[in-house]
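In my numbering, the protein residues as written are 19 to 218.
Built from N, CA and C at the ideal position, the CB exists for glycine as well.
Quick caveat: nothing in here was measured; it's all calculated off a predicted structure.
Now the structure itself:
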């Protein structure tokens, strides 16, 4: 298309030399009458954003899809977005990376914990804001990895933890007639101390 401005008129002409739109100048402003144009010839003028502008707005709007960008531009919902048609001419590498999924780890073909008490998980919760009826403010939670069976012990202080753990381990091994192989903790002082080292 060719756009030209003269002293009193302006026009938009096709590459074939056909005048598509003509306008007049008044009050130092060029105006086009779109209604006159529509009645004379059914033409459609479409303004497209350049490739660089399309991708610039795609990135500015946090990699929003182009359909949504065009909707925002048409409705004027975002200040500064030009009312143009935004087109996607290639794939966005950041969008492709964001939509891709990581390969998951293969599940174990064989369960390593094939017996009760093979692995126990332990954690101590507390200090609780509200103490129990017996004045206990700490909770020791013990979970068997194989059966998911859970034991809960209430303690008055952290200092009780080593003795309660030793007493529990002795009791559960006698009761189930199976030795405890491993204990997994967060390595806090209630689990890593001289008393428990001597017991293990």
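Alpha-carbon to alpha-carbon, residue j and residue i
i	j	result
residue 20	residue 119	49 Å
residue 70	residue 110	13 Å
residue 158	residue 108	57 Å
residue 73	residue 80	11 Å
residue 116	residue 47	48 Å
residue 51	residue 93	22 Å
residue 85	residue 75	12 Å
residue 151	residue 95	60 Å
Whether residue i touches residue j by CB criterion (8 Å)
i	j	result
residue 186	residue 171	yes
residue 37	residue 43	no
residue 174	residue 153	yes
Nearest residue (CA-CA) to residue i, options the options
i	options	result
residue 88	80, 40, 101	101
residue 156	96, 146, 24	146
residue 25	45, 122, 33, 208	45
residue 164	28, 135, 210, 41	135
residue 105	123, 209, 83, 112	83
residue 180	197, 218, 133, 33	218
Contact belief for residue i with residue j at Cβ below 8 Å, rounded distance in angstroms
i	j	result
residue 215	residue 137	That belief does not hold up - the Cβ atoms of residue 215 and residue 137 are roughly 19 Å apart, past 8 Å.
Residues of its chain near residue i, where Cβ-Cβ distance is below 6 Å and the 5 sequence neighbours each way are ignored
i	result
residue 139	161, 202
Interface flag, residue i vs chain C, CB-CB below 8 Å
i	result
residue 142	No chain C appears in this structure, which consists of one protein chain only.
Residues near residue i by beta carbon distance below 7 Å, same chain, minus five either side
i	result
residue 90	96, 99
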